[in-house]
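Please read the structure below before turning to the comments.
Protein chains in written order, with the numbering used here: chain A, 316 to 624; chain B, 743 to 1051.
Have a look at this one:
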């Protein structure tokens, strides 16, 4: 009696016993991953959204007090927050644009067939592999007034009069600019390698056809390389924007001024002043901004169809 | 006759690229030289500075007049040395433990995401990708409180289980925190790699009676080994470079990692550039060597969607 009933039911759910077995096995295998991520990511990010609605000050020892969106109102009224946002945007745009430009030409060079190519491809990895902190310290050393390499080299090349000895890091804007240069030095290889992979997938026949049509360097670049490379480049740029936005470690080397980046300001609100509520609100503003980029990135991945989504 | 031939040859060097290449050799090599200067210049300056006497450094000599190991002897001896060795050991313990945990757990989860069909698979992949891209600052405040109070592993409503002691100033805190970015990253990357392995071999083994798990261990994992290696390398390098969690969660000399200790060479009392550059060289040596030796894996990881920040 039950038999004829059960079969169509199973069919409706489109679930065979083998599939159910698969799903069960999948969940069992995923348990460790999901448990860990739940404990150290999902719970904290949820906690942070709750605390962003509380006045939660670790220093005065008072209990958390709900304040609604008070923390968000406070930080949006805070001049320092907007300054830090402006600096972060400036840092991100400047460094990612430069990395894209330098990385593109570096990838073009390294895509040529020449002796020792592998050696040069390996060489460009050195800045990228170094500790971020060390590259920050190194560039800080280069920018030292008087005896740092930048001043010495400019003096020797007579680009800077001998009498002039500029303080390269004398203002917050200069600090952001010069730390962006340190970031460009370190992260351009990342861009180069991604773009190089993109270049290698452009079919040679396209260039050969263009040569027959008499196209020169710029024409080939404009009509073949750039359009073919565009999807890869967009993905690389989005990844770098997400990476550059979170800048914190390099800046701590250059300055004690937390207004130079949003991450820095958030960090100081949390671990210097212990305003956990306000810090959580700031963190959530960053989280939402990055989430928008993550969604754009996912849409692009699906469109490029080179992913397993 | 001969001279005109040579003239044409030289002219071709400037004007005509070789087949299927974009740039004529002259511009190619000009670009390579500039790229090498940009990439290696600062790095070589770091090396030469670390071999210089303070006297030379402060008088603006880019190359040491009398090369010396003095900075390295300072770095590795006395109290500075003991702090530095502690940091080396901590960095190694944290990076290695995180990598092993990440790879074991991530391979199980990655297999489920790659090969098994189950409801919410794509949603889960999206969530994991988002976790990988969100900045540490999003969750750092609740993680800090979690480490301060210790992690609770008890089963709800039963009172059975284990509550860890406070984890601030321990390697365990950093390992747990690092998992928040390394695990989503590994699960995402590994599921991509495992999906790339041919299904035919797997099905053959399955028919031979291996069972799903047996097939995974005996066929799939060995075939995906290059991908697993790439993921492990990235995880290790990311942990070696990690700064913001280490800065927030460790205050004692016994628990600090390399980036924190190197950071402290500048600031506090006076700046010893020789010591700083020597420390920078030693701290950067492991990742630089790993990247150069395992270049092939890193490139394959990058083109598969790897992100190292």
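We put the CB at the ideal spot given by N, CA and C, even for glycine. Every value quoted in this text rests on a predicted model; they were computed, and no experiment measured them.
If you draw a straight line from the Cα of residue 596 of chain A to the Cα of residue 605 of chain A, it is about 14 Å long. Any Cβ of chain A closer than 8 Å to the Cβ of residue 948 of chain B would place that residue at the interface, and such an atom is absent.
Taking a beta-carbon distance threshold of 8 Å, residue 786 of chain B does not count as an interface residue toward chain A. Using beta-carbon distances, residue 483 of chain A does not count as an interface residue toward chain B, since no partner is under 8 Å. Within the model, the alpha-carbon separation for residue 601 of chain A versus residue 593 of chain A is close to 13 Å. When the alpha-carbon of residue 829 of chain B is set against those of B/1015, B/996, B/984, the nearest one is in B/996.
As a beta-bridge residue in DSSP terms, residue 372 of chain A pairs with A/590.
For residue 470 of chain A, the enclosing alpha helix (DSSP H) starts and ends at 464-471. For residue 968 of chain B, no chain A residue has a C-beta closer than 8 Å to its own C-beta; the minimum C-beta separation is roughly 15 Å. Contact with chain A is found for residue 868 of chain B, since one of that chain's Cβ atoms lies less than 8 Å from the residue's Cβ. For residue 418 of chain A, no CB of chain B lies under 8 Å from its own CB, so it is not counted at the interface with that chain. When the Cα atoms are used, residue 478 of chain A and residue 393 of chain A turn out to be separated by approximately 42 Å. Residue contact check for residue 765 of chain B against chain A: a CB pair falls below 8 Å. Cβ contact annotation for residue 892 of chain B (same chain, cutoff 8 Å, sequence separation greater than five): 905, 906, 907, 908, 909, in chain order. Closest in C-alpha terms to residue 613 of chain A, from the list B/859, B/915, B/867, B/881, comes B/867.
Taking residue 493 of chain A as reference, the option from A/591, A/567, A/345 with the minimal CA-CA separation is A/567.
Three or more beta-carbon pairs separated by less than 8 Å are not found between the region 568-583 of chain A and the region 433-446 of chain A, which leaves the two stretches without contact.
Between the beta-carbon of residue 844 of chain B and that of residue 924 of chain B there is about 4 Å, and that keeps the pair under the 8 Å contact cut. For residue 986 of chain B, the nearest beta carbon of chain A is closer than 8 Å to its own beta carbon. Proximity of residue 564 of chain A to chain B, defined by a Cβ-Cβ separation below 8 Å, is satisfied. In terms of beta-carbon proximity, residue 983 of chain B lines the interface with chain A, with at least one pair separated by less than 8 Å. Residue contact with chain A for residue 904 of chain B: absent (no Cβ-Cβ distance below 8 Å to any residue of chain A).
Interface residue (Cβ-Cβ distance to chain B less than 8 Å): residue 475 of chain A is not classified as such.
Proximity of chain B to residue 602 of chain A at the Cβ level (cut-off 9 Å) is accounted for by 876, 877, 879, 880, 881, in chain order. Taking each of A/589, A/590, A/564 in turn and checking the Cα distance to residue 579 of chain A, the smallest one comes out for A/564. Contact with chain A is found for residue 848 of chain B, since one of that chain's Cβ atoms lies less than 8 Å from the residue's Cβ. A Cβ of chain B is located within less than 8 Å of the beta carbon of residue 337 of chain A.
Here the C-alpha atom of residue 561 of chain A lies approximately 21 Å from the C-alpha atom of residue 418 of chain A. For residue 926 of chain B, the secondary structure class from DSSP, reduced to helix, strand or coil, is helix.
Taking every protein chain shown into account, the CB of residue 376 of chain A has fewer than 16 other CB atoms within 10 angstroms, so this residue is exposed. With a threshold of 8 Å between beta carbons, residue 561 of chain A makes contact with chain B.
Using a CB distance below 8 Å, the part of the region 350-362 of chain A facing chain B consists of 351, 352, 354, 355, 356, 358, 359, 360, 362, ordered along the chain. In this structure, residue 848 of chain B lies away from residue 972 of chain B, with their beta-carbon atoms at least 8 Å apart. Looking only at B/1027, B/913, B/1023, the smallest Cα-Cα distance to residue 990 of chain B is reached by B/913. The alpha helix (DSSP H) runs of length 4 or more contained entirely in the region 953-1031 of chain B are, from start to end of the chain, 953-957, 967-983, 986-991, 1000-1006. Residue state for residue 546 of chain A is assigned as helix, using DSSP reduced to three classes.
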